[in-house]
Each structure stands twice: as structure tokens, then as C-alpha cells.
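>
Protein chains in written order, with the working numbering: chain A, 28 to 285; chain B, 432 to 568.
1. Classify residue 532 of chain B as buried or exposed, calling it buried when 16 or more other Cβ atoms lie within 10 Å of its own Cβ.
2. For residue 78 of chain A, which option in B:510, B:475, B:471 has the closest C-alpha, if you only look at C-alpha atoms?
3. Considering only the beta carbon of each residue, do residue 129 of chain A and residue 113 of chain A sit closer than 8 Å?
4. Which term fits residue 139 of chain A, buried or exposed, when burial requires 16 or more other beta carbons within 10 angstroms of its beta carbon?
5. Report the three-state DSSP secondary structure of residue 112 of chain A (helix, strand or coil).
6. For the segment 73 to 93 of chain A, which residues have a CB atom closer than 8 Å to at least one CB atom of chain B, in sequence order?
7. Quick one: grab the DSSP three-state call for residue 432 of chain B.
8. Quickly, what does DSSP pair residue 71 of chain A with across the bridge? List them, please.
9. Indicate the three-state DSSP secondary structure (helix, strand or coil) for residue 511 of chain B in the structure shown.
10. Starting from the Cα of residue 75 of chain A, find the closest Cα among A:35, A:101, A:110 and give me that residue.
11. Would a C-beta distance cut-off of 8 Å place residue 465 of chain B and residue 455 of chain B closer than the cut-off?
12. In the segment 459 to 532 of chain B, which residue ranges form an unbroken beta strand (DSSP E) of at least 3 residues, counting only runs that do not cross its ends?
13. Strictly by DSSP, which residues pair up with residue 456 of chain B?
14. By DSSP's criteria, residue 66 of chain A is part of a beta bridge. Which residues make up the other side?
15. Report the three-state DSSP secondary structure of residue 123 of chain A (helix, strand or coil).
16. Which residue comes first and which comes last in the alpha helix (DSSP H) that contains residue 32 of chain A?
17. Any beta-carbon of chain B closer than 8 Å to the one on residue 114 of chain A?
18. From residue 165 of chain A to residue 147 of chain A, what does the alpha carbon distance come to, in whole angstroms?
19. Determine the direct distance from the alpha carbon of residue 157 of chain A to that of residue 40 of chain A, and round the result to whole angstroms.
20. Do three or more CB pairs link the segment 114 to 128 of chain A to the segment 95 to 106 of chain A at distances below 8 Å?
21. Can you say whether residue 508 of chain B is buried or exposed, counting buried as having 16 or more other CB atoms within 10 angstroms of its CB?
22. At a CB-CB cut-off below 9 Å, which residues of chain A make contact with residue 437 of chain B?
23. Which residues in chain A sit within 8 Å of residue 487 of chain B, going by Cβ to Cβ distance?
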């Protein structure tokens, strides 16, 4: 199978940021040089995203090998491997042997195992899915809370929100911003893959609420104010629909022109 | 440079971001357009002869430049030799733009260019991330 090796090597040597680098001993395996058995061969490894490059030395001007880290699991190596601070990279693919690497010490071993475990796009997708579930759960619990506080009146609004929502988020994930899940979406910046409709909806609501308003109902039991407040969201959505409809109408007109 | 070819072949069988039969022309002078099944998986572009299961080749997309050459055609080149182009022919401008967008998004580097770790901004601590590696897909 052909590969654009020159470009790959250029990328390996470029200044593009590396996720991790260091010396590791290797015993051969695809993407690493063969070694005299026993001691392993000490190479300089550089991890960029899902690509693990090996070099003869830090100053080498071409990579020795590349390991593409999709579909792999990384584990601490167990006995009877006599090497200290060793770990293996295992692939699900048929006919691919796992291979063995060893770090210089326990801290390096742990660091490498952690960073290699997270290196694949597959892992990122897993995390994104987990985040989407959390967003959905938090949103549901917010909606429930909004509903109940609207019924109950103003007093409950002030005291309840933080606990209820933070309890809803499990697995030790903490929100560095305010408790509101809307805050998560507002963070903006690069988005992981796997955007879906729910997330876009959330963003629409978030942009409204982000204008300094409390995500919980405004302090009022006055129906008309509440009506206006919820109405804002509807107005925004309607504006969006109209724009899109206008856009697609224009497109149709353009296509009709000779 | 050695690389784990078997694993790369296995990757070419994974679900693709985008896959289609396109006309493809290699960078060498005098090369002709051939029909290829082109498949985008993570940051690799695989291309297959239309009746074969194993890819003819793969392009790692890091540091690539995607350029629209004609309304329904684009090229991929790489930073160290921008005139050396792989050409692709689509059936419509719409398909062409779709592919160009997908290819540009396919890189590891996107995250680095924005300077933001997509997990940090959600307040996911380093520790919590490591826990997630125990999840099964």
C-alpha cells in the first residue's frame, strides 16, 4: 500500500506541536526498528495526535518509523516480561502483533500510557459521546428545574440550582465555569466532531440566556413577563427559520435563471 | 520509514467520514485520471480500485493544502512541495465543496491551531479523562 512518506516524514520533523516526547526502549514491531534481542533499542519517540514517530536520536533528520494509533489499546506490561516500566500497544487488527516499549522510570511509564491511550480519534469520539450524554442529562434536569420553579414561584429559584445540576453530572467531571450547562456550550472554540441537532438547539438557547440572564426563570410570577421571556427564544428561532427559507428560496431562483 | 501497514489497512475498513467514487490523478507528469473509491477516515485519505478490498494507497492529511482547481475538482498538495498535486474530480461543485470542507477538518492540527483543547473547555479534568479510557466503545 502506498503512503505519502515524504510528506509524513516532513510532518514528523516539523515544528507542529507534539503531545509527548521522550526516550523509550523498543523491541521491534511494525513501525519500529528491529533490535538485537534482550536489551531493546533506545529511540527518541514523538507523539503527534494519533501518530507515534520514532527516531534514532533527537537530532535525526528522518523518522525511523511510524505507528498509527487507531484501534489500539495501551496497557502496562505484565509478567513474564522482565523489563521494568514496560507497556504494550495492542491492536485489534488481525495479524498485528502487540509491541513492547519501556520507559526510563515509573513517572515516564505512566505518562506515556496515559497519553497514548488518549491518542486516537476513536477515543475522542468516545469522550464526545460521553459529553453529549452529560449535556443532555444536565439540560433535562435544568428543564425540570425551570418548570418546577416556575410553578413554585421565586423563592425556590435562588437556593436550588447549583446542587441539583452538579449532582446530575457524574464521574467526577467538574464544570470550571458556572454550574449552568449553557456555560459549557458558550465556551465556543473548536468543537469536537459529532455535533448533532441537540447540541445546536442548546446553542440557540444558550445565546439567549448568555446575555446575562439567569437560566432559571426570571424573578416573577407575572405571567406576561414570563411569556415575553420564553417568547424571545421563539422569536429567535422564527428569525432563523425565515432566513433559511429566504436563503433556499434565493437558491431556487438562481437555479432557475438561465 | 517503517510503518504499521496492516493496522493502516484495518483503519481503511473503518466507518468513513466521507466516501465516494471520484476521478483521481496522481502528481506525476503525464498521469491519467482513474476511477477510485476514495474514503476519508480520521486524518487519512484512502483510495481503492473500485473492485478491490485493500486500498491502493493512503494519504496522511497533516499539513496538506486543499485547493479548488475547477468548479467540480480539487487538489491536495503538501506543504513541502505545493506544486506536487493529487487531483480529484467530482460529479458536481456541491460534492467538490463537501469534500474540500471535510478534508480541511480532518487534521489533528485543527485543535492545535485554535489553541484550545476541546476537552478543557468543558471543564473535564485530566484525571477524569483518564478514567474515560476504561469505557468500551
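For every residue, glycine included, the Cβ atom is placed at its ideal position computed from N, Cα and C.
Taking the structure as given:
1. The residue labelled residue 532 of chain B in the question sits at position 101 within the second chain. Here residue 532 of chain B is exposed, its C-beta having fewer than 16 other C-beta atoms within 10 Å.
2. Here the question's residue 78 of chain A lines up with position 51 in the first chain. Ranked by how close their Cα comes to the Cα of residue 78 of chain A, the residues B:510, B:475, B:471 have B:475 in first place.
3. The count along the first chain starts at 1 and reaches residue 129 of chain A at position 102. The count along the first chain starts at 1 and reaches residue 113 of chain A at position 86. Contact: yes.
4. Looking up residue 139 of chain A in the first chain gives position 112. Under the 10 Å beta carbon count, residue 139 of chain A is surrounded by 16 or more other beta carbons and is classified as buried.
5. On the first chain, position 85 is the one that residue 112 of chain A refers to. Reduced to three states, the DSSP call for residue 112 of chain A is coil.
6. Contact annotation: in the segment 73 to 93 of chain A, residues whose CB is within less than 8 Å of a CB in chain B are 75, 76, 77, 78, 89, 90, 91, 92, 93.
7. The sequence position of residue 432 of chain B within the second chain is 1, counting from 1. Looking at residue 432 of chain B - three-state DSSP - the assignment turns out to be coil, as it is neither helix nor strand.
8. As a first step, residue 71 of chain A is located in the first chain; it is residue number 44 there, counting from the start. Answer is A:50, A:82, bridged to residue 71 of chain A.
9. Sequence index remark: in the second chain, residue 511 of chain B carries index 80 (1-based). Coil.
10. The count along the first chain starts at 1 and reaches residue 75 of chain A at position 48. In terms of Cα proximity to residue 75 of chain A, the closest of A:35, A:101, A:110 is A:35.
11. The residue labelled residue 465 of chain B in the question sits at position 34 within the second chain. The residue labelled residue 455 of chain B in the question sits at position 24 within the second chain. Yes, the pair counts as a contact, with Cβ atoms nearer than the cut-off.
12. Runs found: 465 to 472, 475 to 480, 488 to 491, 495 to 501, 504 to 509, 512 to 520.
13. What you label residue 456 of chain B is simply residue 25 of the second chain in a count that begins at 1. In the DSSP assignment, residue 456 of chain B is bridged to B:518.
14. Taking the first chain and counting its residues from 1, one reaches residue 66 of chain A at position 39. In DSSP, residue 66 of chain A forms no bridge with anything.
15. Your numbering for residue 123 of chain A matches position 96 in the first chain. DSSP, reduced to helix, strand and coil, places residue 123 of chain A outside both helices and strands of the structure shown, so it counts as coil.
16. Mapped onto the first chain, residue 32 of chain A falls at position 5. Taken as a continuous stretch (DSSP letters only), the alpha helix (DSSP H) holding residue 32 of chain A covers 32 to 40.
17. Mapped onto the first chain, residue 114 of chain A falls at position 87. No, residue 114 of chain A lies away from the interface with chain B (no Cβ there is under 8 Å from its Cβ).
18. Counting from 1 along the first chain, the entry for residue 165 of chain A is found at position 138. Counting from 1 along the first chain, the entry for residue 147 of chain A is found at position 120. Residue 165 of chain A and residue 147 of chain A: Cα-Cα distance of roughly 27 Å.
19. The residue labelled residue 40 of chain A in the question sits at position 13 within the first chain. The residue labelled residue 157 of chain A in the question sits at position 130 within the first chain. C-alpha separation (whole angstroms): 34 Å.
20. Between the segment 114 to 128 of chain A and the segment 95 to 106 of chain A, the count of Cβ pairs shorter than 8 Å is three or higher; the stretches touch.
21. In the second chain, counting from the first residue as 1, residue 508 of chain B sits at position 77. The Cβ neighbour count for residue 508 of chain B, taken over all protein chains shown within 10 Å, is at least 16; the residue is labelled buried.
22. To locate residue 437 of chain B, count along the second chain from 1; it is residue 6. Those are 57, 118, 120, 121, 122, 123, listed as they occur along chain A.
23. As a working mapping, residue 487 of chain B is identified with position 56 in the second chain. Those are 28, 29, listed as they occur along chain A.
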